[in-house]
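Trainee: Just passing along the structure, written as structure tokens.
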Amino acid sequence: MIAYLDTSVLLRVLLNQKNKLAAFTEIDRAISSKLLKIECLRTIDRLRLTEELSESEYLSSIEQLYSSFDTIEFIDVSDFILNRAGMSFPVSIGTLDAIHLISAQYWKERNDFDLYFLTHDQLLGKAAKVLGFKVQGLESGI
Numbered sequence: 110m111i112a113y114l115d116t117s118v119l120l121r122v123l124l125n126q127k128n129k130l131a132a133f134t135e136i137d138r139a140i141s142s143k144l145l146k147i148e149c150l151r152t153i154d155r156l157r158l159t160e161e162l163s164e165s166e167y168l169s170s171i172e173q174l175y176s177s178f179d180t181i182e183f184i185d186v187s188d189f190i191l192n193r194a195g196m197s198f199p200v201s202i203g204t205l206d207a208i209h210l211i212s213a214q215y216w217k218e219r220n221d222f223d224l225y226f227l228t229h230d231q232l233l234g235k236a237a238k239v240l241g242f243k244v245q246g247l248e249s250g251i
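Going by our numbering, the sequence shown opens with residue 110, and the numbers climb by one from there.
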């Protein structure tokens with residue numbers, strides 16, 4: 110499976126949280142925005158600062174995260190991506206989610222492959238479906 114990874118999917122797997130995506134192991138090629146790096150690092154650091162992760166858990170998570178980064182094909186957050194993310198969408202969507210969605214769309218337009226969109230975020234999943242992506246990771250069907 111060739112899949113665009115939203116931050117929520119990678120973090121659930123990395124932090125071994127409940128309801129992590131079973132299909133994660135089926136990914137042959139992972140694609141994401143460079144935004145994913147920042148979102149993951151900020152979340153893990155926040156969990157350390159709020160003492161939801163011990164120091165050893167934090168260090169292990171950071172190590173696993175950087176190892177994961179080596180397996181992901183990253184899309185730059187270019188002016189083109191930012192301009193398209195600022196345009197109107199058929200459904201309500203936040204700023205960072207718009208960047209993820211447009212990054213996936215940008216990749217799909219330039220490659221002749223079927224791209225799955227993996228997210229646990231209900232609104233982002235709905236927006237991805239509206240734009241024609243096959244979405245996995247939503248607990249309830251949209």
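Positions of the beta carbon are idealized from the N, C-alpha and C atoms, including for glycine.
What span of residues does the beta strand (DSSP E) with F226 cover, start to end?
Mentor: Here residue 226 refers to the residue found at position 117 when the sequence shown is read from its first residue. Taken as a continuous stretch (DSSP letters only), the beta strand (DSSP E) holding F226 covers Y225 to L227.
Trainee: Can you say whether V200 is buried or exposed, counting buried as having 16 or more other CB atoms within 10 angstroms of its CB?
Mentor: If you number the sequence shown from 1, residue 200 lands on position 91. Exposed, because fewer than 16 other Cβ atoms sit within 10 Å of the Cβ of V200.
Trainee: Identify whether L191 lies in helix, strand or coil by the three-state DSSP scheme.
Mentor: For the purposes of this step, residue 191 is taken as residue 82 along the sequence shown, with counting starting at 1. In the structure shown, L191 sits in a helix (DSSP, three-state: H, G or I).
Trainee: With DSSP as the reference, label K217 as helix, strand or coil.
Mentor: Within the sequence shown, the letter at position 108 stands for residue 217. It is helical.
Trainee: Would you kindly check if the distance between the Cβ of T228 and the Cβ of G241 is under 8 Å?
Mentor: Counting from 1 along the sequence shown, the entry for residue 241 is found at position 132. Counting from 1 along the sequence shown, the entry for residue 228 is found at position 119. Not closer than 8 Å, so no.
Trainee: In the DSSP output, what is S141 paired with across the bridge?
Mentor: As a position in the sequence shown, residue 141 is number 32, starting the count at 1. Its beta-bridge partners are F183.
Trainee: Look at the alpha carbon of A99 and the alpha carbon of W216, and state the distance between them as a whole number of angstroms.
Mentor: Beyond the ends of the chain as shown, which are 110 and 251, falls residue 99; an answer cannot be given.
Trainee: Within 8 Å, do at least three Cβ pairs link the stretch 162 to 181 to the stretch 198 to 213?
Mentor: No: the two stretches stay apart, fewer than three of their Cβ pairs being nearer than 8 Å.
Trainee: Is the CB-CB distance between D230 and S117 below 8 Å?
Mentor: Locating residue 230 in the sequence shown gives position 121, where the first residue counts as 1. Locating residue 117 in the sequence shown gives position 8, where the first residue counts as 1. For D230 and S117, yes; Cβs fall inside 8 Å.
Trainee: How is the beta strand (DSSP E) around I111 delimited, first residue to last?
Mentor: Here the question's residue 111 lines up with position 2 in the sequence shown. Note, I111: beta strand (DSSP E), I111 to L114.
Trainee: Look at L144 and L205 and say whether their C-beta atoms are less than 8 Å apart.
Mentor: The residue given as residue 144 occupies position 35 in the sequence shown. The residue given as residue 205 occupies position 96 in the sequence shown. Yes, these two residues count as a Cβ contact at 8 Å.
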